[in-house]
Structure formats: C-alpha cells, structure tokens
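Heads up, the thing below is written out as structure tokens.
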Amino acid sequence: MFEDYQKDKKAHELSPETRALSDLCLVLFNSNEYMYVY
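Going by my numbering, the sequence shown opens with residue 308, and the numbers climb by one from there.
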C-alpha cells in the first residue's frame, strides 16, 4: 500500500497551466451559480 504513495506537490512545483486550472475549479466550486448549473 505504501509503495504506491506519492506526496502531494507544492504550489511552486506545478506548472502555471495546472495552477490556473486549479484556480478556475476553485472559483467554480465557490460560486453560488455553480449549484444551479447541473
């Protein structure tokens, strides 16, 4: 089980594209309008 463990990456280790996608997802999940979309 622990052989496959991978540590979470820190923010400075991610590419700018990945961080931008993460920020976009965070905005969508935190907006009230998101709940009415589905």
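Note that beta-carbon positions come from the ideal geometry of N, C-alpha and C, so glycine has one too. Small disclaimer: the values here were computed from a predicted structure and weren't measured.
- Closest by C-alpha distance to K317, out of V334, E310, D311, S329, is S329.
- Secondary structure at S338: coil, using DSSP grouped into helix, strand and coil.
- When DSSP states are grouped into helix, strand and coil, S322 belongs to the coil group.
- Taking C-alpha positions only, D315 is separated from T325 by approximately 14 Å.
- Pairing C332 with E310, the inter-Cα distance amounts to about 30 Å.
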